[in-house]
Amino acid sequence: MHPGITYLHDSMVEAEIDRELRDLLTTCFLKAEDDVFRRRRYYKEPYPNRWVIRGDQQELVAHVGVHEKVIQAPAGLHRFGGIAEVCVHPDARGQGYVKAMLAVIHPWLAERGFEFAVLFGDPEVYGSSGYTMVKNLVMDTDPTSPDSPREPVTAMVRLLSESTWPDGEVYLPGLNF
Ligand SMILES: CC(C)(COP(=O)(O)OP(=O)(O)OC[C@H]1O[C@@H](n2cnc3c(N)ncnc32)[C@H](O)[C@@H]1OP(=O)(O)O)[C@@H](O)C(=O)NCCC(=O)NCCS
Numbered sequence: 096m097h098p099g100i101t102y103l104h105d106s107m108v109e110a111e112i113d114r115e116l117r118d119l120l121t122t123c124f125l126k127a128e129d130d131v132f133r134r135r136r137y138y139k140e141p142y143p144n145r146w147v148i149r150g151d152q153q154e155l156v157a158h159v160g161v162h163e164k165v166i167q168a169p170a171g172l173h174r175f176g177g178i179a180e181v182c183v184h185p186d187a188r189g190q191g192y193v194k195a196m197l198a199v200i201h202p203w204l205a206e207r208g209f210e211f212a213v214l215f216g217d218p219e220v221y222g223s224s225g226y227t228m229v230k231n232l233v234m235d236t237d238p239t240s241p242d243s244p245r246e247p248v249t250a251m252v253r254l255l256s257e258s259t260w261p262d263g264e265v266y267l268p269g270l271n272f
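Here the sequence shown stands for residues 96 to 272, numbered as in my numbering.
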């Protein structure tokens with residue numbers, strides 16, 4: 096692993112690290128709904144994996160979270176890593192930290208049998224890390240209702256193995272990230 100990039104399982108996050116994570120997320124995510132980061136270190140639901148980079152003063156400067164999720168395609172289920180809460184402190188941007196962290200995360204996921212990395216983000220940020228748009232992903236419009244209609248969502252996918260992204264409707268149960 097790149098020496099400056101550290102893996103943190105969520106069970107390793109003690110109170111001080113939790114405060115540092117919330118500080119970085121609050122500094123980077125500025126929309127009204129991002130206010131949740133003042134009180135918790137995840138947007139909608141917790142995730143087990145994250146990677147961080149620390150600066151010269153040991154301060155947190157970059158973060159990527161990774162959910163472990165499953166999609167349902169016509170021919171069966173596929174495990175994927177859901178990339179979330181990608182952020183770099185404003186003073187540390189433009190140095191390739193996102194690309195460097197994803198370059199560590201992709202093989203980590205592949206070694207554990209995840210076929211894809213999936214995210215909802217800006218193509219300009221992730222294109223150079225191998226992500227392309229898919230148009231056949233659907234999600235529940237209301238994940239709390241068992242009868243919810245489904246709607247197409249635009250996502251970006253990075254292949255991690257020999258598997259190609261499935262054809263036909265691909266359903267992602269639960270919440271987006
Ligand atoms: C988005 C963000 C994580 C990028 O951090 P960064 O340190 O500049 O990222 P990198 O240096 O690794 O750049 C990765 C790629 O994103 C591009 N990029 C970075 N910021 C960009 C922006 N605001 N608009 C378009 N492209 C951008 C870079 O040019 C680079 O592309 P390239 O590899 O094709 O040259 C950072 O600006 C941030 O924390 N923003 C606020 C949080 C946020 O919105 N996160 C979600 C983003 S979808």
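Cβ coordinates follow ideal geometry from the N, Cα and C atoms, glycine included.
Residue side-chain check: phenylalanine 124 places its Cβ nearer than 7 angstroms to a non-hydrogen atom of ligand 1. Sequence-distant Cβ neighbours of alanine 187 in its own chain, meaning closer than 6 angstroms and more than five residues away, are Val156. Taking every protein chain shown into account, the CB of serine 243 has fewer than 16 other CB atoms within 10 angstroms, so this residue is exposed. Not one heavy atom of ligand 1 sits closer than 7 angstroms to the Cβ of glutamine 152.
Each of Met228, Asn231, Ser240, Leu103 was checked against the Cα of valine 161, and the nearest Cα belongs to Leu103. Those residues that have a beta carbon less than 5 angstroms away from any non-hydrogen atom of ligand 1 are, in order along the chain, Cys123, Val181, Cys182, Val183, Arg188, Gly189, Gly191, Tyr192, Val193, Lys194, Gly216, Asp217, Glu219, Val220, Ser223.
When rounded, the separation of the alpha-carbon atoms in threonine 259 and proline 241 is 30 angstroms.
For proline 247, DSSP records a beta bridge to Val233.
The continuous alpha helix (DSSP H) containing alanine 198 extends over residues 192 to 206. CA-CA distance, alanine 198 to alanine 127, rounds to 31 angstroms. Threonine 227 has Val252 as its beta-bridge partners, per DSSP. Bridge pairing for glutamate 163: Gly176 [DSSP]. The beta carbon of glutamate 210 is closer than 7 angstroms to those of His173, Arg174, Phe175, Leu255, Ser256, Ser258 in its chain, skipping five residues each way along the sequence. Secondary structure at glycine 222: helix, using DSSP grouped into helix, strand and coil. Around the beta-carbon of glutamate 180, 16 or more other beta-carbon atoms lie within 10 Å, marking it buried.
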